[in-house]
Every structure is written in structure tokens, then in C-alpha cells.
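Student: In our numbering, the protein residues as written are 1448 to 1531.
Let me begin by handing over the structure; questions about it come next.
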């Protein structure tokens, strides 16, 4: 897989290349977005064993994180109460 910022993620499935769309977002800061993508991908792939689903979810989470300054602010402002 190749991530490309706001452009679709390129996924190679054998002899087929797929494009996975990422949500459009108001970008404030991209710091840590790649690390967030990879962490979210690993989590969702381990939880579901569904490669494409994991990529889609990771793209959503990484895109969402770009709306905030720094690599952790998005978690602090959106963490469910009592689960820190």
C-alpha cells in the first residue's frame, strides 16, 4: 500500500491495483499522520483480518487526526470520558 496524503491510497492485490479513498478534511497539521495510519491499520487488521477494511479505517482515522495540531491532540479532545 502507498499512502499519498489527501490522494487515494494505492493498494496492490496481486495483479490488481486498487484505490482506497480517504475522507476530505480541513487540514491543520499532518505531523504523525503516517504513524497514526500505521497504528490504526495494525489494530483493525489484527481485530478483523480484513485487509481492505483496515486500510479504509486507518485512512479515516489518519485524516481525522490532521484536523488538530500535533500527533496526540486529536485523541485528547475526542477520547470518551473516563477512558484515558
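Glycine is no exception: its CB is placed at the ideal position from the N, C-alpha and C atoms.
If the criterion is Cβ atoms closer than 8 Å, does the pair residue 1455 and residue 1474 meet it?
Tutor: The count along the chain shown starts at 1 and reaches residue 1455 at position 8. The count along the chain shown starts at 1 and reaches residue 1474 at position 27. No, the pair does not count as a contact, with Cβ atoms beyond the cut-off.
Student: Can you check whether the CB of residue 1488 is closer than 8 Å to the CB of residue 1502?
Tutor: As a working note, residue 1502 is residue 55 in the chain shown. As a working note, residue 1488 is residue 41 in the chain shown. Yes. Within cutoff.
Student: What are the partner residues of residue 1451, as DSSP defines its beta bridges?
Tutor: Here residue 1451 refers to the residue found at position 4 when the chain shown is read from its first residue. Answer by DSSP bridge pairing, in chain order: 1454.
Student: Does DSSP put residue 1466 in a helix, in a strand, or in coil?
Tutor: Within the chain shown, numbered from 1, the residue matching residue 1466 stands at position 19. Strand at residue 1466.
Student: Work out the CA separation of residue 1506 and residue 1466 for me, nearest whole Å.
Tutor: Position 19 of the chain shown, counted from the start, is the residue given in the question as residue 1466. Position 59 of the chain shown, counted from the start, is the residue given in the question as residue 1506. Their backbone Cα atoms lie some 12 Å apart in a straight line.
Student: Nearest to residue 1451 by CA position, among 1471, 1460, 1462, 1461, is which residue?
Tutor: Taking the first residue of the chain shown as 1, we reach residue 1451 at position 4. Minimum Cα distance to residue 1451 is reached at 1471.
Student: Whose C-beta lies closer than 7 Å to the C-beta of residue 1478 among residues of the same chain, with five residues either side of it excluded?
Tutor: Locating residue 1478 in the chain shown gives position 31, where the first residue counts as 1. Within the same chain, residue 1478 has close Cβ partners 1517, 1518.
Student: If you drop the 5 nearest sequence neighbours on each side, which residues of the same chain put their C-beta closer than 6 Å to that of residue 1525?
Tutor: Here residue 1525 corresponds to residue number 78 of the chain shown, with the count starting at 1. If we look at residue 1525 and ignore the five residues flanking it on each side, it has no Cβ neighbours.
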